[in-house]
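Numbering (numbering that gives the first Met the number 0), first residue to last: 0 to 811. For every residue, glycine included, the Cβ atom is placed at its ideal position computed from N, Cα and C.
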Amino acid sequence: MHALIAAEKLFRGEPFFALVPESLEHDIHPGCMVLLSAKTGNGRVSIGYILSLETLEGDELSSVELLDLLYGGEAVLSPSLLRLTAWMADYYLTRRVDTLMAALPAAVRTTVDDVVEVSDFTLKSEGQKVINTALRRSIMQVMMVEKRLTVHQLQRRIGKKQLYRTIAALERGGELRLSKKFSSTKARQKLAWCLSPSLPENIEELLKSSPKQLEAIKKMAILGKGGAFAETIAVSRETLNSLEKKGFVEKKFMDSISHFTTGFSEVAQSPKTLTALQQKALELLIGAFDKGEYRTLLLHGVTGSGKTLIYIEFLKRVLAAGKTAIVLVPEIALTPQTAGRFREHFHEEITILHSAMSNQEKYDAWHSLRLGKTKIALGARSTIFAPLENLGAIIVDEEHEGAYKQDRNPRYHGRDTAVMRAMFSHAICLLGSATPSFESYNNAVTGKYTLINLPERVDGATMPKLTLVWMKGSPKASSSISELLCRQIEIRLEKDEQVILLQNRRGFAGSIFCLACGHIPLCRFCNIPLVYHATQKQLRCHYCGYTKRFTESCLKCSSTNLFYKSSGTERIEEELKTLFPDEKILRMDVDTTTAKGSHGRILTDFHDRKARILLGTQMVAKGLDFPAVTLVGVLMADIGLNIPDFRASERTFSLLTQVAGRAGRSLLPGEVYFQVYNMENDVFPALLQGKESYEKFFLQESAIRKALHYPPASRLIKFECSSEDEKQAEAAALSCKKTLELQLPAEKGAILGPAPACIAKIRGRYRYQVVVKLFDGKLSPFFVKQMGDNITTSFRSAGLTFTVDVDPQNLM
Ligand code: ADP
Ligand code: ZN
Ligand code: ZN
C-alpha cells in the first residue's frame, strides 16, 4: 500500500508517494498527520499529511520513510476538510500543502512539545497490567521511573523513532497519557474574580439594594466559568471585595493574556422575543436547515435590524438538532459586542478563538472542538477550519468585510471558503450584512443564494435622517468642521446625548483630490483614480499603465489647492477642543489603540458615558450599538473615493452606511451629516435614497462593473512579480503577460498591465503586476504553476518572487 503525502519540507511541498509499512496499514487513513524521514537526508524527521491511500502497480521505491502516525493515529483533517483544502489549492492556484497547513493551527502541527506521562491510574495499580509486546514493555519500564518525558526524550532513551502508535495504544489501555505541553514563557498571573459555585438562585432579590454589585454579577455570568479581571468587566475592586465578603464571588489568579477579553463587556441583556420580521427570517432559515441540504442564504438587514439575535436563535435550533456550527466575525477585537452576545447565550458550548491565545490554549481549544466537547466555534477567518464534525451551519457576520481575505499565502477568502465548506458538509451557510459585497448580492440576485431581507430596525427605531453638507458652499466653524455640523453637536450635548465622528480613511498618498471642486482624475479606460508620480510629473493608471501629464493644478477647475494626504484624527481633535473646550473627547485610531485592551477601554468609557464625543477612524464605524448616540458626523465623506481601486465606491458606500447605522438605534431618532467636497459622484445620491438605497446603488454600480468587466461581472486574478531590481521585476511581469496571452483567447478574458503596483515599492522590492479579468472559465492550476516555476527560474539571479492572488480584494 502507498500513501500520497504532502509535506512542507519535502519535494518543495509537492505531493509524493511513500510506501506504508505493513505495521501501519491497519491504522493509517487519509487526514492522518505522520512522521517522515528522508532516506537520503541527514535523518531529520518532518511532518506530513496523508492525502489518500492507493495500491500502486509494482513496489516503487520511495525515498521517504513513513515512520509513525501522529495524534494517536487519529485523522487531524476530516474528509470534508481534506476536500475543502483540495478545493482551495485548485481555486486559489496554490500549493496543496499550504492549504493543509492553513487548516491546522501551528500548535497542532508540531511534535516538539509532545509529552508522555504515566496516568494516575497506572501509578496506583503499579505492575498489575499485562504488557504484551517488547516495545510496550520497555516504554513502560522507562516511564515508571521517569513518570514524565517529552516524546523526543523517550525516543532517545529507547533508541527508536517509531513510538507514537505504541504510546497511543498504551494511552487507549489507560497506562499513559500523551499530550502537548507548550513550554511557553509563563504568562503573567493576575488577580481575577469568578462567581461562587454556590451562588444563590435569588441573587437578584438579595442584591436589590446594591445595583452595582448586581451588575457585576451579571457581567461575570456572561463570561462564564472562567473568571474575569476587574477591568475587563469595568467593576471596581471595592464592589468585588464586598461581593466576596458576602460569598458571591471568589478570588483566583489567571494568566493575564489567556482569558478572552477585549476589555469591553456589557450587562447581560434580558431575553427578547423576536419581532415579526425577525421571526419570518428565522422560519426561512429553519425551513432550509430542516431539509438537511446545503444552501447559502444572504441576510440583508439594515443596521439595527437585529441580525445577531436571528443568528443566535437559529444556532439554538442547530444545536437542538444535534449539529455543530461555526461563526465567523471579521475581527474579534473590533466586534466585542457580538462575541459577548454569543457567549451570553451559549456559555460553555461555544469556543471563542482569538489571536491573543497562547499556543497551549490554541491547542486545547482545537482539541476540544475535535473531540466534540464544544459545539460552536467563533472567531476570525481561520476559524472556518475548526475541526467540527457534523456541521449544521456556518454564519459569516459582516460578510462584506475585506478582513476575510487572507493577504498572504494561501490567499483564500474566508467567506467563499465558508460557502464551500457548507456545501461539502451539506450544511447551511448564512451570510449577513447591511451592505453585502457585490459578489454575494449578485449571487443572491441570480438565485445562487437565497435572499432574506430585513428592511426595518427592531423595536420601532427608525432609520437615521441623512444630510449632505457641501463644504465649498458652507460656512465653517473650524477648518474641517462646518457650522452646520458644529451646531448639531452642540444640540446633542445640550440634551446630554452622544456623538460619533468619523474621520474617513486616510486618503491614498499619491492620489489627487481637489479641495476646491472635489475633482478626482480618473483613468479613461479603467475608471479608477490615477496616481501622481511627482518625479515624472505624471498621472499614471496602475491597472493598465495609461499615463497623462500633470502640472499640479486641478484638471477641471485649475485650482492649485490640491489635497495629497489626509489630515489625521489628531488635528480634528484639536479643532474639537477649540470648539468645545469643556468637553472630554475620546479618540480612537491606530495611535490610541496600540496598547492591549485600549480599544475596549475607550468603548467602555463611551458606553459608560464618561464622554459624549467619540472621534475615530473606521474603527468607530463597525458593529457598535450604543443607544444614546443620536448624531453621527463624517468629516471627509468622499475622501475614500480617491483610492485607486475599482471597489472604492462600494467600500465608501458600505462604510458610510455602517457608520450612519450607529445613530438612533433606540427610541431616540438619529441624524447623520456627511461633509463632502465633490457633489458629482454616484455614491451619495444612492445613499440618500432611503429605504432601497443599497439596491439602487447595486444596480447602478453593477452597470459600470459590467461595462468594464469588473467583478462580479468577471473574476480577477492578480499576478505580481517583485524584485530588488526594478527592470527585472518589470521584465518578469511582461513575460508573465506574454505567457498568459498565449493561453487566454480575447473572448475569454482581458489582460491588464504590466503596471507598477500602486504601492510600487515595499521594503526595497519593486512590484509589478499583471491583472487578468476572466470573463468565463478558469485558469488551469497546472498551467499557472508551470508559468510561476518558469518565471522564477529565468529570473532567479534577480531574486524574483512570483505571487498569484485569485479574487484579490486589493489591487494596490
Ligand atoms: P444589527 O447587527 O442588525 O445591526 P443588532 O443585532 O446589533 O443589529 O441589534 C440591534 C439592537 O436591537 C441590539 O441592541 C439588540 O439587542 C436589539 N434587538 C435585537 N432584536 C430585538 C428584539 N426582538 N427586541 C428588542 N430588541 C432587539
Ligand atoms: Zn478642481
Ligand atoms: Zn487604466
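Check	Outcome
Bridge-paired residues (DSSP) for isoleucine 4	Phe15 and Ile49
Alpha helix (DSSP H) segments (min. 4 residues) lying fully within the stretch 136-199	150-157 and 163-171
Distance CB(isoleucine 427)-CB(phenylalanine 288) smaller than 9 Å	yes
Separation of glutamate 64 from leucine 810, as counted between CA atoms	44 Å
Inter-residue spacing [alpha-carbon to alpha-carbon] between valine 783 and aspartate 775	17 Å
C-beta contact flag for glycine 632 and isoleucine 519 at 9 Å	no
Backbone CA spacing between alanine 730 and leucine 92 [nearest angstrom]	22 Å
Buried or exposed by the 16-neighbour rule on C-beta atoms within 10 Å, applied to arginine 11	exposed
Closer than 8 Å: glycine 517 CB and nearest ligand 2 heavy atom	yes
Beta-carbon proximity check, alanine 815 vs glutamine 674, cutoff 9 Å	This structure cannot speak to residue 815, because the chain is shown only from 0 to 811.
Nearest-angstrom Cα separation, counted from phenylalanine 345 out to alanine 220	11 Å
Glutamine 497, buried or exposed, once every other Cβ within 10 Å from all chains shown has been counted against 16	buried
Strand pairing of alanine 749, partner residues [DSSP]	Lys772
Distance CB(asparagine 677)-CB(aspartate 644) smaller than 9 Å	no
Three-state secondary structure assigned by DSSP to arginine 94	coil
Valine 317 in three-state terms, based on DSSP	helix
Extent of the continuous beta strand (DSSP E) to which asparagine 835 belongs	As displayed, the chain neither begins before 0 nor continues past 811, which places residue 835 out of reach and without an answer.
As assigned by DSSP and simplified to three states, the class of glutamine 497	strand
Among Glu551, Ala324 and Thr337, nearest to leucine 387 - alpha-carbon criterion	Ala324
Cutoff 7 Å; reference tyrosine 90; Cβ partners in own chain excluding five residues on either side	Val805
CA-to-CA distance, tyrosine 693 to tyrosine 672, given in whole angstroms	18 Å
Assigned exposure category for glycine 72 - 16 Cβ within 10 Å defines buried	buried
Bridge partners - proline 528, DSSP secondary structure assignment	Leu521
For glycine 615, the first and last residue of its enclosing beta strand (DSSP E)	612-615
Lysine 812 - DSSP class collapsed to helix/strand/coil	Only positions 0 to 811 of the chain appear in this structure, which leaves residue 812 out of reach.
Threonine 307 in three-state terms, based on DSSP	helix
Unbroken beta strand (DSSP E) run spanning serine 721, endpoints	714-722
Cα-Cα separation, arginine 548 to glutamate 438	35 Å
Whole-angstrom distance between cysteine 522 and glutamine 535, CA atom to CA atom	17 Å
CB of lysine 8 within 9 Å of CB of serine 45, strictly	yes
Selection from Phe781, Ile202 and Ile331 that minimises the alpha carbon distance to alanine 355	Ile331
Three-state class that DSSP yields for proline 780 in the structure shown	helix
Per DSSP, cross-strand counterpart(s) of phenylalanine 605	Answer is none; phenylalanine 605 lacks a bridge partner.
Pair within 9 Å by beta-carbon distance, methionine 143 and valine 115	no
Selection from Thr54, Arg43, Ala37 and Ser22 that minimises the alpha carbon distance to leucine 3	Thr54
Cα-Cα separation between threonine 738 and phenylalanine 718, rounded to whole angstroms	12 Å
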